[in-house]
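**Q** Using this note's numbering, you'd call the opening residue of the sequence shown number 459 and step up by one each time. Just so it is clear, CB atoms sit at the ideal spot from N, CA and C, and this is done for glycine as well. Note that the structure is predicted; figures quoted are calculated from it, not measured. This is the structure, below, for whatever I ask next.
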Amino acid sequence: MTIKTTHTAEVKELLEKVAGFHTQGGSERAKKIVHRFMSDVFQLIEDFDVTPEEFWSAVYYVGDLGRANEPALLAPGLGMDKYLDIRMDAQDEADGLAGGTPRTIEGPLFVAGAPLSEAFARMDDGKV
């Protein structure tokens, strides 16, 4: 399809409404994130000429994950958790905290400069 609609006034108004820009209250940051996210989704649909069938298949897939109590599987399946780890590792490095093992779902296994312990170490703050 060669029809382009994402930059029309109608779509821009729809995005502002969906994001809640015309509603008092709420988080301005959340509104901006929703606006950006939906703008990107609309642009993706246009760029790849996503069909209604493809769109609804994706919606139903997410619904199926929810019904199976497995929506958290979507994040690692799409690499989202790894991307967050990469960002946090980069921030650590920028803060001078380089060294140790990279983050994983289990957490960093070695942290440079962490205190050493023989035989036993309490890992929580003791306020159980």
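Short check: CB of L473 to CB of F500, under 9 Å?
**A** Position 15 of the sequence shown, counted from the first residue, corresponds to residue 473. Position 42 of the sequence shown, counted from the first residue, corresponds to residue 500. Remark: C-beta atoms of L473 and F500 approach each other more closely than 9 Å.
**Q** Could you tell me the distance, in whole angstroms, from the CA atom of D550 to the CA atom of G521?
**A** Residue mapping note: residue 550 aligns to position 92 of the sequence shown, counting from 1. Residue mapping note: residue 521 aligns to position 63 of the sequence shown, counting from 1. So the alpha carbons of these two residues sit roughly 36 Å apart.
**Q** State the Cα-Cα distance for the pair T466 and S497, rounded to the nearest angstrom.
**A** Position 8 of the sequence shown, counting from 1, holds the residue named residue 466. Position 39 of the sequence shown, counting from 1, holds the residue named residue 497. Looking at the two C-alpha atoms, the distance is approximately 12 Å.
**Q** Less than 9 Å between the beta carbons of E504 and K462, yes or no?
**A** Numbered from its first residue, the sequence shown carries residue 504 at position 46. Numbered from its first residue, the sequence shown carries residue 462 at position 4. A contact, by the Cβ cut-off of 9 Å.
**Q** Which class does P573 belong to by DSSP, given the choice of helix, strand or coil?
**A** For this step, residue 573 is matched to residue 115 along the sequence shown. Correct three-state label for P573: coil.
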